[in-house]
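Position 60 of the sequence shown, counted from 1, bears residue number 60 in the UniProt record's numbering, the numbering being contiguous throughout.
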Amino acid sequence: MTALRLGTRGSKLALAQSRQVAAAVTAATGRPVELVEISTAGDRSTAPVAQLGVGVFVSALRDALMERRIDFAVHSYKDLPSAQPGALHIAAIPQREDPRDALVARDGLTLTELPDGATVGTGALRRIAQLNALRLPLRVTPIRGNVDTRIRRVTGPEADLDAVVLARAGLARLGRADEITETLDPMLMLPAPAQGALAVECRHADHDLVEELGALDDGPTRAAVVAERALLATLEAGCSAPVAAYAEIAEGEDGDEIYLRGAVISADGERAIRLSRTGTPSAAAEIGKALAAELLDRGADTLFGSTE
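Okay, structure coming up:
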């Protein structure tokens, strides 16, 4: 049986995610999967992600799909641009890892236990904005690098940071969840839209493959991600904007309900607009769009790019 070619970035985290999906595809379909590493512009650059722009980790994988060098690709869903190319299709969104953010701090400290003037590093403007909004006596600094590089800046022999904030999902997929010193409550640190979720993408015209990959799809995860991404798309804000969203599916009186929280925060943390909305999972996209419209009515667009 011909092996399916799965395109992936070459980072440890991307490979871990892709191996997980490859094993699930083989288990569901019986088809072997081989990984094809693709170098992206984001991997080759040391510039801050906010400067590189949306889709910097995605375009090379999508090019490989369009050129038929690979059969499907695995993305961290939060890295995807809001607009979906017509020739490509998200065939599956597997069950989501814990989408919350996590703190890795020296000496096992939590966020509030860090001493005055402690330096906290993170790569996301969303996290920087929310850390600033907490008004803790901390110094927040933007950083780049993979998970290993970031954690070494806290626990390595040449450590220069007191803590870093990372996605809990990435640490879990790398088997490093035991290094987390605090999982941050979404009330303090609302996640990025689609954080912790993976997107399994293939060509729209490959109908048999679309159906096969669909076996990996998780309905509640898809509904949550659709709501969060609809909010992001309606705000017309990319993954580098200070936008946060988190949807949860829970059992209600009349069946499952979706509870979506969204926020836009100025980079300095001085201003924030936080709202929520509920509805049915089948209306996930409409819920996201409606909440984004409410945020815009409250002036959310004035916070994009707002700095000290």
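The C-beta atom is built at its ideal place from N, Cα and C for all residues, glycine as well.
DSSP, read as helix, strand or coil, puts G121 in strand. Counting the other Cβ atoms within 10 Å of the Cβ of H207 gives fewer than 16, which makes it exposed. Pairing S11 with N146 gives a Cβ-Cβ distance under 7 Å. Take the alpha-carbon of R5 and the one of T112: they are about 46 Å apart. Here the alpha carbons of R144 and A292 stand approximately 29 Å from one another.
Distance between V25 and A224, taken at the CA atoms: about 22 Å. Counted as a single uninterrupted DSSP element, the stretch harbouring H89 is not any alpha helix (DSSP H) but the beta strand (DSSP E) occupying residues 88 to 92. When the beta-carbon positions are compared, L103 and A163 come within less than 7 Å of each other. About 22 Å separates the beta carbon of M189 from that of Q95, a gap too long to meet the 8 Å contact definition. Measuring C-alpha to C-alpha distances from S282 to each of R106, R222, A197 identifies R222 as the nearest.
Around the beta carbon of P85, fewer than 16 other beta carbons sit within 10 angstroms, so the residue counts as exposed. Nearest to R126 by C-alpha distance, out of R62, L296, I273, is I273.
CA-to-CA, the gap between I38 and V243 works out to about 29 Å. In the structure shown, the three-state DSSP call for D101 is strand. The residue from D218, R19, E179, M66 with its alpha-carbon nearest to that of G108 is E179.
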